[in-house]
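A.B. asks:
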Amino acid sequence: MDLVIVRHSISTDNHAGRVSGAGSNVELSPAGIDYAKKVREAYDWDRFDQVFASPLRRAQQTAQILTNDSPNIKLDQRLSELHFGDWEGADEKQLFAKHPDVFDYAGMFNEKYSNFAPNSESYADLVLRSKSFLSDIIGPYANRSVLLVCHGMTIRALFAAIFNSKVSEFTTVNNVTLNEVYFDPKNNFDPRLYSYNQKLV
595 MDLVIVRHSI STDNHAGRVS GAGSNVELSP AGIDYAKKVR EAYDWDRFDQ VFASPLRRAQ
655 QTAQILTNDS PNIKLDQRLS ELHFGDWEGA DEKQLFAKHP DVFDYAGMFN EKYSNFAPNS
715 ESYADLVLRS KSFLSDIIGP YANRSVLLVC HGMTIRALFA AIFNSKVSEF TTVNNVTLNE
775 VYFDPKNNFD PRLYSYNQKL V
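To convert a position in the sequence shown, counted from 1, into the numbering used here, add 594.
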């Protein structure tokens, strides 16, 4: 299976600097729509046998733009972003000022964040649902090309699940960049791209 994973394009929350997880069902910004259209023209999105997307609007919109509204898009809740609980929609700069220890070197929440954010989802739970999703597609889609359109933390968790590693070992993923892993018939994996867009735009 050739698995390509793409983060959604720029959302309104991305522009506003707000925490945006599974509890923030925002749309793409006008700039995000334009950017996704540019990426669409730079890559062969028709080559995929199956497309899966997070049910959150920003991911659905990105999948629809990239595939020219393909009817072959399946939504899966397990591809939703990490749920940040009561911190959903909060100003990132204000949170950093109040809780600097829960941010990593790239300005993303580290594994300790869920100890401070009420009603939030942990990294461990995100990895569990990522593993569940992967286990459901690796067999049925062997020898096929599959596209996932989801979210930054979700992509990091998917890679953590594939590599049996920690989410923190994978850096933040930029909007609408390619992340690719090839699985051979014995399910050995070959990572090929991570947060790559050099040839796209």
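Ideal placement from N, C-alpha and C gives every residue a C-beta, glycine not left out.
Note that this is a predicted model, so its numbers are computed, not measured.
Just reading off the beta strand (DSSP E) that P785 is part of, what are its end residues?
C.D. replies: Element bounds for P785: 783 to 790.
A.B. asks: Roughly how many angstroms lie between the CA atoms of K706 and V721, to the nearest whole one?
C.D. replies: Taking the straight line from one Cα to the other gives about 15 Å.
A.B. asks: Answer with buried or exposed for F690, where buried requires no fewer than 16 other C-beta atoms within 10 angstroms of its C-beta.
C.D. replies: Flag for F690 reads exposed.
A.B. asks: Taking all protein chains shown into account, do 16 or more other C-beta atoms lie within 10 angstroms of the C-beta of R641, making it buried, or fewer, making it exposed?
C.D. replies: Its Cβ having fewer than 16 others within 10 Å, R641 is exposed.
A.B. asks: Any idea which residues DSSP pairs F646 with across the strands?
C.D. replies: Its beta-bridge partners are K668, L742.
A.B. asks: Specify the secondary structure class of S674 as computed by DSSP and reduced to three states.
C.D. replies: Of the three classes helix, strand and coil, the one that applies to S674 here is coil, per DSSP.
A.B. asks: Using only the alpha-carbon positions, how far apart do G611 and Q688 sit?
C.D. replies: The straight-line gap from Cα to Cα measures roughly 10 Å.
A.B. asks: So what does DSSP say about D695, is it helix, strand or coil?
C.D. replies: Helix, per DSSP.
A.B. asks: Quick one: residues in its chain with C-beta nearer than 7 Å to the C-beta of G615, no 5 flanking neighbours on either side, listed in chain order?
C.D. replies: The residues are E675, L676, H677, F678, E682.
A.B. asks: In the structure shown, what three-state DSSP assignment does E763 receive?
C.D. replies: The answer is helix: DSSP assigns E763 an H, G or I state.
A.B. asks: Using C-beta distances below 7 Å, list every residue in its chain close to Q655, excluding the 5 sequence neighbours before and after it, in chain order.
C.D. replies: For Q655, where only same-chain residues beyond five positions count, the Cβ hits under 7 Å are E621, L622.
A.B. asks: Among all the DSSP beta bridges, which residues are the ones paired with I604?
C.D. replies: Paired residue(s): none; I604 is not in a bridge.
A.B. asks: So for E635, helix, strand or coil by DSSP?
C.D. replies: It is coil, neither helix nor strand.
A.B. asks: Do the stretch 643 to 662 and the stretch 735 to 743 touch if we need at least three Cβ pairs shorter than 8 Å?
C.D. replies: Contact holds: three or more Cβ-Cβ distances are below 8 Å.
A.B. asks: I'd like to know if the stretch 718 to 734 and the stretch 663 to 673 are in contact, where contact means that at least 3 CB-CB pairs between them fall below 8 Å.
C.D. replies: Verdict: yes, contact present.
A.B. asks: Looking at the strands, I want to know which residues DSSP matches up with E835.
C.D. replies: Any answer about residue 835 is impossible in this case: the structure gives the chain only from 595 up to 795.
A.B. asks: Pull up the distance between the alpha-carbon of P694 and that of F703, whole angstroms please.
C.D. replies: C-alpha separation (whole angstroms): 9 Å.
A.B. asks: Is the beta carbon of R601 sitting closer than 8 Å to the one on N769?
C.D. replies: Against a cut-off of 8 Å, the Cβ pair of N769 and R601 comes out as a contact.
A.B. asks: Taking only three categories from DSSP, how would you classify D685?
C.D. replies: In the structure shown, D685 sits in a strand (DSSP, three-state: E or B).
A.B. asks: Helix, strand or coil for F703 per DSSP?
C.D. replies: Of the three classes helix, strand and coil, the one that applies to F703 here is strand, per DSSP.
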